[in-house]
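Numbering (the working numbering), first residue to last: 134 to 289. Idealized CB from N, CA, C, for every residue including glycine. Just so we're clear, the structure is a prediction, and the values are computed from it rather than from any experiment. To start, the structure itself, in structure tokens.
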């Protein structure tokens, strides 16, 4: 987060797709240090390549400055429901990643976007960066078993 203007607006980095979708969530969880605080979204808009918002209780630049560097989250129950074959990235964290030959590569640490495709970061004996390209590399995601099967060379 960063300050925007003098009336308490803040610039936020949105990881929603598209980025303006963050404005659909009315109650934001803001992490300051180790504690979380709920702030209500009052209004917001796209501004250049980012998003600017006005949150409840932030009415001047100095108060807004206190949010610089804070993380934003929402409660999971505010997320839209998913189809049976869909999942959120956070659902995959900690999943075991196994090759089609049964070799355990490790667990999903996190994912990131490259523009071309998402990438699984798998940590085990070593780190593997596996493109989330279904049919080519990712063969199966089993949400119930907490397991992802991939066609991947363990030495790569």
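Across the segment 200 to 212 and the segment 176 to 184, are there enough close Cβ pairs to call them in contact, namely three or more that are closer than 8 Å? no
Across which residues does DSSP place residue 150 in a beta bridge pair? Per the DSSP secondary-structure output, residue 150 pairs with nothing in a beta bridge.
Taking only three categories from DSSP, how would you classify residue 275? Reduced to three states, the DSSP call for residue 275 is strand.
Is the shortest distance between the beta-carbon of residue 182 and the beta-carbons of chain B less than 7 Å? Note that chain B does not occur in the displayed structure, where there is just one protein chain.
Segment contact flag, the segment 196 to 206 with the segment 155 to 164, C-beta cutoff 8 Å, min 3 pairs: yes
Could you say which of 154, 150, 284, 158 lies nearest to residue 270 if we only look at CA atoms? 284
With a CB to CB cut of under 6 Å and the five nearest residues on each side skipped, what residues in its chain are close to residue 273? 282
Extent of the continuous alpha helix (DSSP H) run through residue 223: Judged by DSSP secondary structure, residue 223 falls within the alpha helix (DSSP H) whose first and last residues are 222 to 225.
In chain order, what residues of the same chain lie with their CB nearer than 6 Å to the CB of residue 251, ignoring the 5 residues before and after it? 244, 265
Of the residues 217, 242, 220, the one placed nearest residue 229, counting alpha carbons only: It is 242.
Could you compute how far the alpha carbon of residue 155 sits from the alpha carbon of residue 235? 39 Å
Can you check DSSP and say which residues form a bridge with residue 246? 251
Residue 211 (DSSP reduced to helix, strand or coil): Residue state, collapsed to three classes: helix.
Host alpha helix (DSSP H) of residue 197 (start-end): Segment 194 to 198, the alpha helix (DSSP H) holding residue 197.
Among residues of its own chain, excluding the 5 on either side of residue 171, which ones have a beta-carbon nearer than 8 Å to its beta-carbon? 160, 161, 162, 163
Sequence-distant residues of the same chain with beta carbon closer than 6 Å to residue 158, five excluded per side: 207, 211
Out of 195, 221, 143, which one is the CA nearest neighbour of residue 177? Taking each of 195, 221, 143 in turn and checking the Cα distance to residue 177, the smallest one comes out for 143.
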